[in-house]
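> Quick note, the sequences are listed as chains A and B, same order. Numbering-wise (the numbering used here), the first sequence opens with residue 1 and increments by one. Numbering-wise (the numbering used here), the second sequence opens with residue 1 and increments by one.
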Amino acid sequence: MKSPSKPKATEERLDEIREAALKAGSAQGPQTGESYYGLPVLKAPVWTWEVPLYFFLGGISGVSACIGFIAQLFRSDPAFVRVCFWIALIGASICPILLIADLGRPKRFLNMLRVFKLRSAMSMGAWILVAFSNCAFLAVLCFELILRGLANPFLISLLWLLEGSAAITGLLLASYTGVLIGATAVPVWSQNRELLPAHFLTSGLGGSAAILELAGFLIPATQVLGFVASGIETLIEIFLEVRKRPVDVPLHHGRSGKALRIAGLLEGPAALLVRAFLGASHTGRYAAAVCFLLGSLLSRYAWIWAGRASAEDPHALFNLQRKV
Amino acid sequence: MARTAFLTDATVCIGCKACEVACKEWNEVPDDGMVWSGFSYDNTKSLGASTWRHVLFLEQPSVAGPQIADTKDPFRWIFLSDVCKHCANAGCLEACPTGSIVRTEVGSVFVQPDVCNGCGYCVVSCPFGVIDKRPDDGRAFKCTFCYDRQKAGLIPACAKACPTQSIQFGDLDELRLRGRNRVQELQERGYKDARIYNPEETSVGGIHASFVILGEPEAYNLPPAPEVPTVYLKSAWTSALVSAAILVAIVCAAFAF
Chain A
1 MKSPSKPKAT EERLDEIREA ALKAGSAQGP QTGESYYGLP VLKAPVWTWE
51 VPLYFFLGGI SGVSACIGFI AQLFRSDPAF VRVCFWIALI GASICPILLI
101 ADLGRPKRFL NMLRVFKLRS AMSMGAWILV AFSNCAFLAV LCFELILRGL
151 ANPFLISLLW LLEGSAAITG LLLASYTGVL IGATAVPVWS QNRELLPAHF
201 LTSGLGGSAA ILELAGFLIP ATQVLGFVAS GIETLIEIFL EVRKRPVDVP
251 LHHGRSGKAL RIAGLLEGPA ALLVRAFLGA SHTGRYAAAV CFLLGSLLSR
301 YAWIWAGRAS AEDPHALFNL QRKV
Chain B
1 MARTAFLTDA TVCIGCKACE VACKEWNEVP DDGMVWSGFS YDNTKSLGAS
51 TWRHVLFLEQ PSVAGPQIAD TKDPFRWIFL SDVCKHCANA GCLEACPTGS
101 IVRTEVGSVF VQPDVCNGCG YCVVSCPFGV IDKRPDDGRA FKCTFCYDRQ
151 KAGLIPACAK ACPTQSIQFG DLDELRLRGR NRVQELQERG YKDARIYNPE
201 ETSVGGIHAS FVILGEPEAY NLPPAPEVPT VYLKSAWTSA LVSAAILVAI
251 VCAAFAF
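#1: For residue 199(B) and residue 133(A), I'd like the C-alpha separation in whole angstroms.
#2: Could you work out which residue in 294(A), 274(A), 231(A) is closest to residue 260(A) when comparing CA atoms only?
#3: Using a beta-carbon distance below 8 Å, is residue 169(A) in contact with chain B?
#4: Find the residues of chain A that neighbour residue 237(B), judging by a C-beta separation of less than 7 Å, and give them in chain order.
#5: At the 8 Å Cβ level, is residue 71(A) part of the contact set with chain B, yes or no?
#6: Please determine, among 310(A), 318(A), 320(A), 315(A), the residue with the shortest C-alpha to C-alpha distance to residue 45(A).
#7: Taking CB distances under 8 Å as the criterion, tell me whether residue 233(A) reaches chain B.
#8: On a Cα-Cα basis, can you pick out the residue from 167(A), 267(A), 162(A), 256(A) that is closest to residue 248(B)?
#9: If you follow the alpha helix (DSSP H) that residue 179(A) is in, where does it begin and where does it stop?
#10: Out of 140(B), 229(B), 175(B), which has the shortest C-alpha to C-alpha gap to residue 95(B)?
#11: Span of the alpha helix (DSSP H) holding residue 178(B)?
#12: Quick one: measure Cβ to Cβ for residue 59(A) and residue 174(A), integer angstroms, because I've assumed they're closer than 8 Å.
#13: Can you find at least 3 beta carbon pairs, one from the region 37-50 of chain B and one from the region 93-110 of chain B, that sit closer than 8 Å?
#14: If I measure Cβ to Cβ from residue 131(A) and keep anything under 6 Å in the same chain, skipping five residues before and after, which residues do I get?
#15: Should residue 172(B) go down as buried or exposed, given a rule of 16 or more other Cβ atoms within 10 Å for buried?
#16: Between which two residues does the beta strand (DSSP E) holding residue 80(A) run?
#17: What residue range does the beta strand (DSSP E) around residue 8(B) cover?
#18: At 4 residues or longer, what runs of the alpha helix (DSSP H) sit wholly inside the region 101-169 of chain B?
#19: Quick check on this structure: which residue in 133(B), 102(B), 234(B) has the alpha carbon closest to the alpha carbon of residue 48(B)?
#20: Do you know offhand how far residue 59(B)'s Cα is from residue 301(A)'s?
#21: Rounded to whole angstroms, what's the CA-CA distance from residue 32(B) to residue 118(B)? Just pull it up for me.
#22: CA-CA distance, residue 250(A) and residue 51(B)?
#23: Which residues of chain A have a Cβ atom closer than 8 Å to the Cβ of residue 139(B), listed in chain order?
#24: Pick out whichever of 16(B), 3(B), 122(B), 232(B) has its Cα sitting closest to the Cα of residue 191(A).
#25: Go ahead and label residue 238(A) buried or exposed: buried means 16 or more other beta carbons lie within 10 angstroms of its beta carbon, across all protein chains shown.
#26: Does DSSP put residue 67(B) in a helix, in a strand, or in coil?
#27: Which same chain residues, not among the five before or five after residue 312(A), have their C-beta less than 6 Å away from its C-beta?
#28: For residue 230(B), which residues in chain A fall below 7 Å Cβ to Cβ?
#29: Quick one: what's got a C-beta closer than 6 Å to residue 14(B)'s C-beta in the same chain, skipping five residues either side?
#30: Closer than 8 Å between beta carbons: that is the criterion. Which residues of the region 7-33 of chain B meet it against chain A?
#31: I'd like the list of long-range same chain contacts for residue 193(A), defined as Cβ closer than 7 Å, with 5 residues on each side in sequence excluded.
#32: Please give the ranges of any alpha helix (DSSP H) in the region 246-300 of chain A, keeping only runs that are unbroken, at least 4 residues long and fully inside the region.
#33: Any idea if residue 324(A) is buried or exposed, counting beta-carbon neighbours within 10 angstroms, 16 or more meaning buried?
#34: Within the same chain, show all residues whose beta-carbon is closer than 6 Å to that of residue 66(A), passing over the 5 residues directly before and after it, in chain order.
#35: What residue range is occupied by the uninterrupted alpha helix (DSSP H) comprising residue 205(A)?
#36: Beta-carbon within less than 6 Å of residue 246(A)'s beta-carbon, same chain only, minus the 5 sequence neighbours each way: which residues are those?
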């Protein structure tokens, strides 16, 4: 056994294959022992473009319902409340379509409602979306009936109930998406599980205020909400830049890092500065709104890309688990 | 039925891939492309939707350890047949929103193909990167632990085909004992880095398919301390609810002033 005869032809052939693979960029030479040829341990997310767009629209429509309900509590202009709930309804109508389109077997979408599983954020999300879209639809229906002269006490209390339910489920819809990706095996997501729901909610708040501004409601409330959302996003952006952890590499480097930085700048400092210096004019507020919306949309895609990069890096996972 | 298990022993695997072939044949799993990877004799690279047994080929420098105990070999070559771990606390099962993924009476984790709608959440919830979505089919697939064969009193196809008994199938507790004995025996024979891979101390809580390996688990792309992602739920939901409460306060303030 100490001097094994080498089957030369086989070894030469293997060398040829290795060389070809090295040239093609798939092989990395002999194993170092720190991972299996640098191949990914985890599977990258299989979600397509519909899912980040759903995160974005779900955030806007969910927070819109909440803004509408609180506006009504503070006896705001009914026209404003009405538009808030119409935005919620339009969002709630598009969201299920996006989610169903992403399924591998779209015709089986109703299987989502076979079980109610507290331990699955995806299951909770399906139920939250069903509850929210039904509440938003009925609230809009109620509102329109009342506007058309059917204002009886029963319908008015029903409207309050429906709007309140839409507001609560809307907040869950805007925030659960952070829990959804936070509670996974993907290192960069799981290690940001506390940040993600807050980040996505803020993004939804600013996005909702921006849509309302673009719909013509250049009232002080939307200005304040726009300021607060951009301010918080600026703080999150600074926090991410300052905190340097190995697991956060995809948040700073590569396609996801670039996209996240641009998104953070658009949502945070850019929208904030435009609002601060040009916010007195209509054009300035429209510009700040568009700026925030673009950043908000891009950031959802960037987080999914970051998850993909993180899942494909075996060392990110090993470093994290060896530390413990 | 008793709880059953796999014990896959890297020290007797000869890398013949009979398990991969037997699995494909019995379960009618489609091919996953005929490409040279350049990674030793491994051309499937990892477990996936269409690779339910995957034979790893480790080429390690001599510092890692000898091929034959107490000899000076230039390098060592290790083979291991990887498979779904059938975790005690399975990430995929917890994540599945349709109830398609279930625990069977033998303790294994089974995907019901007639229920799965291909949402893809199990893919990111498996701490071992086992389950995946088959693009042309749309549903998620992984090792079934030959549930159909076990129901008929047969042993899984891969264990049946293994010519060296590297893949052993049997009662869970019995195989755990056999694994411990095997490691002790290997260490006595000079393989000091022999060990069991079965993460019992993490939230995964142990696996139904454990392994006898030489050296660190990372070299086999086995995570050293896998966690079932449901452990992250509490802090994530707390953050969501606290953030939502703060958001309500902010919106109230915006309309109050």
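Every residue, glycine too, gets a C-beta built ideally from N, C-alpha and C. The structure displayed is predicted, hence computed values, not measured ones.
Reading off the structure:
#1: 42 Å
#2: 294(A)
#3: no
#4: 179
#5: yes
#6: 310(A)
#7: no
#8: 167(A)
#9: 153-182
#10: 229(B)
#11: 172-188
#12: 4 Å
#13: no
#14: 169
#15: buried
#16: Segment 78-102 is the alpha helix (DSSP H) holding residue 80(A); no beta strand (DSSP E) there.
#17: 4-9
#18: 121-125, 147-151, 157-161
#19: 133(B)
#20: 38 Å
#21: 19 Å
#22: 28 Å
#23: 104, 105
#24: 232(B)
#25: exposed
#26: coil
#27: 40, 44
#28: 119, 183
#29: 164
#30: none
#31: 182, 183
#32: 249-252, 254-265, 271-278
#33: Low local confidence applies: a pLDDT of 47 at residue 324(A) is under 50, so the model's placement there is unreliable, and no value is given.
#34: 167, 170, 171
#35: 195-214
#36: 319
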